[in-house]
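Student: If you read the sequences in order, they're chains A and B.
Just so it is clear: in the first sequence, position 532 is 532 by the UniProt record's numbering, and no numbers are missing.
Just so it is clear: in the second sequence, position 274 is 274 by the UniProt record's numbering, and no numbers are missing.
Pasting a structure below so you can have a look.
There are 2 protein chains.
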Amino acid sequence: MPFDPTKLKDWQIAEEAEKSLPTNEDWIERLGLEKDELIPMGRTPKLDFIKIMDRMENKPDGKFIEVTAITPTPLGEGKSTTSLGLIEGLGKRGKNVGGCLRQPSGGPTMNIKGTAAGGGNALLIPMTEFSLGLTGDINDITNAHNLAMVALNARMQHERNYDDETLATRGLKRLDIDPTNVEMGWVIDFAAQGLRNIIMGIGAQRDGYMMQSRFAISVSSELMAILAVATDLADLRKRIGEMTVAYDKKGNPVTAEDLEVAGAMTAWMRNTINPTLCATVEGQPVMVHAGPFANIAIGQSSIIGDRVGLKMFDYHVTESGFAADIGFEKFWNVKCRLSGLKPNVSVLVATVRALKMHGGGPKVVPGRPIPEEYTTQNLELVEKGFCNLKHMIEVVKKSGITPVVCINSFYTDTEEEVKLVRKLVEETNTRVAVSEHWLKGGEGALELADVVAEACEEPNEYKPLYPLDMPLRERVDAIAREVYGADGVDWSPLAEEKAKRFESDPKFADFQTMMVKTHLSLTHDPTLKGVPTGWRLPIRDILVYSGAKFLCPMAGTISLMPGTGSDPAYRRIDVDTKTGKVSGLF
Amino acid sequence: MPFDPTKLKDWQIAEEAEKSLPTNEDWIERLGLEKDELIPMGRTPKLDFIKIMDRMENKPDGKFIEVTAITPTPLGEGKSTTSLGLIEGLGKRGKNVGGCLRQPSGGPTMNIKGTAAGGGNALLIPMTEFSLGLTGDINDITNAHNLAMVALNARMQHERNYDDETLATRGLKRLDIDPTNVEMGWVIDFAAQGLRNIIMGIGAQRDGYMMQSRFAISVSSELMAILAVATDLADLRKRIGEMTVAYDKKGNPVTAEDLEVAGAMTAWMRNTINPTLCATVEGQPVMVHAGPFANIAIGQSSIIGDRVGLKMFDYHVTESGFAADIGFEKFWNVKCRLSGLKPNVSVLVATVRALKMHGGGPKVVPGRPIPEEYTTQNLELVEKGFCNLKHMIEVVKKSGITPVVCINSFYTDTEEEVKLVRKLVEETNTRVAVSEHWLKGGEGALELADVVAEACEEPNEYKPLYPLDMPLRERVDAIAREVYGADGVDWSPLAEEKAKRFESDPKFADFQTMMVKTHLSLTHDPTLKGVPTGWRLPIRDILVYSGAKFLCPMAGTISLMPGTGSDPAYRRIDVDTKTGKVSGLF
């Protein structure tokens, strides 16, 4: 240790580091757990969070650190890597530190971006389990979600085929579902663009009900949002029952409870409520709970993970998906408001590479060689691109949470480039640290660990961007102007009609606002980099997550189902059939 | 013990019995395992079969007992129940006994038939884990299978959108896939009739490739067939690579290997290779491995499960799906031929209820009250319906395996009815036992256990129905005449064309024949009961499982995707949110 990440691939580092992965017995001793608080699951045990919370009820919470980023290149700027590096750095300083990350989706893992296990010496292990299903939470969500759709379409078929009297013999009352007004689609946890829009129910009388439908990626399921914000199994059950699956012909919601499938859905999800325990390559505890994609989902690790982490650790590190306009905005205005937990510090991850892109560098395309501008010194691009980082610093400051900028150093960055970024950040009166956790692990993250620990001691006052009694369209306007830097919001006729309905119906008064927007730009257009000005945010539709209690305005043309590219990661993934070890994950 | 199954529901019995479920430590001691041969997974550990086989290599195999049945009512005639009862009975006699059953599919569990955990005092525990995903094997198969379809459709999109030169920059050579000749569909493990036939790829240039497609139930996936017959991880990897996903425009197969997705599919399935360990309510070990549905799949527990079971136990019990014409025929001619293992005894399960149905009793409809004929004495129906059992006895005798008929007694059967069946079986010179395991557990299965143990000592000579060098159409003819009692086979033009091609291509010379046919009749028509005569078997198509090395002739109108009825089980399933316990499974 540390490993040489310029020579070894991540999965090779993981394989080596996993030789000293803590065992269940190690964890019980190190975390001071009771034996029955840890549920053995191969190499990745689950934690019985209720038992732990009950035992530690009176212990004061630790420091709460969130990690976010500037607008990333499509390759990602190492937010997970920095979260893990920070945990390793605080660990090297002898702190009782841990965190909670999100389970990766099979979409990116099998496609171009790869898994979300960090990288180099700031890596999560066991990497194979983490990357390929872990303890099954996403599978459970997929099954529970699709069971609602099975129940919906079968019910529509039976209501079409049988009269009221026959339905009554099965104890069924006609729900009279409108096939043109179905809120939910199906889910699958791959980037299956071919299933984005489908016609289903083709055939004869018993081949279902013919209608348009769609598949989204599983991690964007409302059930994942519910898991991220649920407080316990009872809350999960209640919220699942309240999910709107479709509408009847009068426009009334048809819920999972109406379809009598909410109990069974909860049964499929019963194990998801407990976080799974993994580790950094340096052995610090990292829980994994809930899912990614803050562009099309809440994209936060769970409130349960934060609650239990703040009890178990003196420093609890979590991350919010993608950039500060997306993941952090939801952390700030949705997750923290719901949990009531007060974060101390938000770490803003920036890379020289991304700053150059914002400064006008050539397009970065996943799976293709990176242009020369990104691997040779170019101070002009860095300076011009700083505007995006500056904007994100201002966003974090609006929340009252103390920002710390982390320059996530890459081995091709020059000393002068890094020095320039540091100077520019310091000019905004913001703490900054350079970190080399990818190259050196915790040893490389000591400056970051020290600056973050210092910032944690600073008093701060968390305040949401908008009060909950602000009407939906005003809230979206506030987010668009204050966070994205837009001049205002344009509503499609459909979105406006829905917004008016939600604003006037008291049922939606306590619903959170969860934006759906690309993470590749502050705007809705992924090609616009830096800090675009003179633009308005177009909202085309609003999704209703009535179990999660979210209204989700959708900006631009973003889809809930990503696509698989022409050079996907699965081409290089294989199994050593002698040892069972998986190669090619990155 | 025993519990009163006339008062308690199965999930209530399970809840009580699970209080004494063996722990991992118990299993290690009782089965004489090395610590690392057991992989902890909550309450259902996996067994590292390679390690166990290596250690026990030189131990002679135990006795090998298979359980099959007469043509069942749609409610099932208690094959799993009898398998578990037999294990309990042999256990009560002090034998070292265990078995391997199949993981239930979410389709029946959420629909009308319920889970496959047996029932009453012959029940598999932990019942919730077993019924709802267990250790994730079916989820892993679903993901691996669908990843092949993601790869297929994305490749078709990219080949349409890019010219050869652009494809070459990604290292891709045009596969030129024929969208009208796609062998595989998607899978989901519910009874989702609305997804039987879909049109996918609707939208614009990056929304996939538009084509017809279909969803089958996951347990019918070729990957499940491969898991059932694979010898180890290397064999699994090789077979996955050979799976035919589609054909190119010249009719050549496009395999998972061609799509460069076989390694990643194996990675998703790497954990499925090890059986999961559960128990009877009386504490005997029962492995669970591979899947159900011998009508539309192989429907056998795995060869791996049998191999390791025959080493660990002196009596190893397994079951084959549905009736002897379907599950047993595949056990006999496919599974045993592939494994080379020689079964000692096949237990043929019969119920008074099913015999009455075959004798002309009224239709049995799942989810509806059962007609009076089935709950009051009716010797005439029993005697008339005996023909089906007699036929199945003859089928088993053709295999050379020693048959034992088990009259699976139900508490509404009269003494005279049971006596009549016993007499009729004895007249065929076949061993017979009455078993009351449902009501009394192992105590109720002592006669069955004794008769089976005795039959195991009888020398027998297993012989397949047909030699492997018999051409496909002759084989199907032999199965239709000798097993189903048909007068011959009618091939559709499509099926005949395919059959001729397979017969003349040496590539298919060592392929097994896996029939797809309803289990509700000896014929292809589920409404025809008893032993129909004067009929011919229509074959409409032939599926190619080139990884499993199966050709699957499809009889009649059977679909690989069952439908969800109007009164499905999920309506009654729920979770106690205080304890996490699931109610309503049956």
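Ideal Cβ placement from N, Cα and C applies to all residues, glycine included.
(1) Anything in chain A within Cβ reach of valine 582 of chain B, meaning under 7 Å, just list it in chain order.
(2) Under 8 Å between beta-carbons, which chain B residues line up against glutamate 260 of chain A? List them in chain order, please.
(3) Going by beta carbon distance, what residues of the same chain come within less than 6 Å of alanine 455 of chain B, once the five residues before and after it are set aside?
(4) Here's a check: name, in chain order, each residue in its chain whose Cβ is nearer than 6 Å to the Cβ of glycine 107 of chain A, leaving out the five neighbours to either side.
(5) Excluding the five sequence neighbours on either side, which residues of its own chain have a C-beta within less than 8 Å of the C-beta of leucine 446 of chain A, listed in chain order?
(6) Taking the Cβ atom as the reference point for each residue, do tryptophan 116 of chain A and glycine 85 of chain A lie within a distance shorter than 8 Å?
(7) As an exercise, report each continuous beta strand (DSSP E) stretch of at least 3 residues that is fully enclosed by the segment 326 to 379 of chain A, in chain order.
(8) Curious, which full-length alpha helix (DSSP H) runs of at least 4 residues does the segment 193 to 261 of chain A contain?
(9) Unbroken beta strand (DSSP E) runs of length 3 or more, entirely within the segment 431 to 491 of chain B: which are they?
(10) Which runs of the beta strand (DSSP E) spanning at least 3 residues fall entirely within the segment 26 to 110 of chain B, listed in chain order?
(11) From B/Tyr484, B/Val483, B/Lys500 and B/Gly485, pick the residue whose C-alpha is nearest to that of tryptophan 491 of chain B; which is it?
(12) At 8 Å on the CB atoms, spell out the chain B contacts of histidine 316 of chain A, in chain order.
(13) Contact criterion: CB-CB distance below 8 Å. Does arginine 206 of chain B meet it with respect to chain A?
(14) Name the chain B residues whose beta carbon is nearer than 9 Å to that of aspartate 574 of chain A?
(15) So which residues of chain A does proline 40 of chain B contact, with C-beta pairs closer than 8 Å?
(16) Excluding the 5 residues flanking serine 220 of chain A on each side, which residues of the same chain have their C-beta closer than 7 Å to its C-beta?
(17) Would you say tyrosine 209 of chain A reaches chain B, if we count a Cβ-Cβ gap shorter than 8 Å as a contact?
(18) State the Cα-Cα distance for the pair aspartate 207 of chain A and serine 546 of chain B, rounded to the nearest angstrom.
(19) Find out if the Cβ-Cβ distance for the pair glycine 305 of chain B, proline 275 of chain B is shorter than 8 Å.
(20) Checking contacts by CB at 8 Å: is residue 644 of chain A closer than that to chain B?
(21) Taking all protein chains shown into account, decide if glycine 133 of chain B is buried (16 or more other Cβ within 10 angstroms of its Cβ) or exposed.
(22) Smallest Cα separation from threonine 255 of chain A: which of A/Thr266, A/Glu129 and A/Leu152?
(23) Determine the closest residue to alanine 453 of chain B out of B/Tyr462, B/Pro467 and B/Ala433, with distance taken between C-alpha atoms.
(24) Applying a beta-carbon distance threshold of less than 9 Å, which residues of chain B neighbour phenylalanine 508 of chain A?
(25) Can you have a look at aspartate 413 of chain A and say buried or exposed, based on whether 16 or more other CB atoms are within 10 angstroms of its CB?
(26) Can you pull the chain B residues whose beta carbon is under 9 Å from the beta carbon of glycine 133 of chain A, in chain order?
(27) What does arginine 170 of chain A touch in chain B if you count any residue whose Cβ is under 8 Å from its own?
(28) For a contact defined as C-beta to C-beta under 9 Å, what are the partners of asparagine 153 of chain A on chain B?
(29) List the residues that DSSP assigns as beta-bridge partners of lysine 581 of chain A.
(30) Bridge partners for threonine 513 of chain A per DSSP, in chain order?
(31) Taking the C-alpha atoms as reference points, what is the distance between aspartate 176 of chain B and leucine 341 of chain A?
(32) Exposed or buried, which one is glutamine 205 of chain B when buried takes at least 16 other CB atoms within 10 Å?
(33) Just the C-alpha distance for serine 302 of chain B and glutamate 257 of chain A, rounded to the nearest angstrom, thanks.
(34) Write down the C-beta distance between tryptophan 11 of chain A and phenylalanine 508 of chain A rounded to the nearest angstrom, noting that I regard them as a contact closer than 8 Å.
(35) Is the distance from the Cβ of isoleucine 188 of chain B to the Cβ of leucine 195 of chain B below 8 Å?
(36) Could you list the residues in the segment 226 to 256 of chain A with a C-beta less than 7 Å from some C-beta on chain B, going in chain order?
Tutor: Result, derived from the coordinates:
(1) Ala267 and Arg270
(2) Tyr570 and Arg571
(3) Val345, Thr402, Val404 and Arg431
(4) Phe190, Ala191, Ile217 and Pro562
(5) Gly89, Lys92 and Arg93
(6) A small fix is needed here, since residue 116 of chain A is alanine in this sequence, not tryptophan. Not a contact, by the Cβ cut-off of 8 Å.
(7) 345 to 350
(8) 222 to 229 and 233 to 242
(9) 431 to 435 and 489 to 491
(10) 63 to 69 and 97 to 101
(11) B/Lys500
(12) The contacting residues do not exist; histidine 316 of chain A stays about 25 Å from chain B at best.
(13) yes
(14) Arg237, Ala262, Gly263, Ala264, Thr266 and Ala267
(15) Asn24, Pro40, Met41 and Gly42
(16) Phe293, Ile296, Ala297 and Leu560
(17) yes
(18) 28 Å
(19) yes
(20) Nothing about residue 644 of chain A can be read from this structure; chain A reaches only from 1 to 586.
(21) buried
(22) A/Leu152
(23) B/Ala433
(24) Under the 9 Å cutoff, chain B gives no residues; its nearest Cβ is about 25 Å from phenylalanine 508 of chain A.
(25) buried
(26) Gly136, Asn139, Asp140, Asn143, Trp268 and Asn271
(27) Gly367, Ser566 and Asp567
(28) Ala192, Gln193, Gly194, Leu195 and Thr564
(29) A/Asp576
(30) A/Leu551
(31) 56 Å
(32) exposed
(33) 38 Å
(34) Rounded, the Cβ-Cβ distance is 46 Å, inconsistent with contact.
(35) yes
(36) Leu233, Ala234 and Arg237
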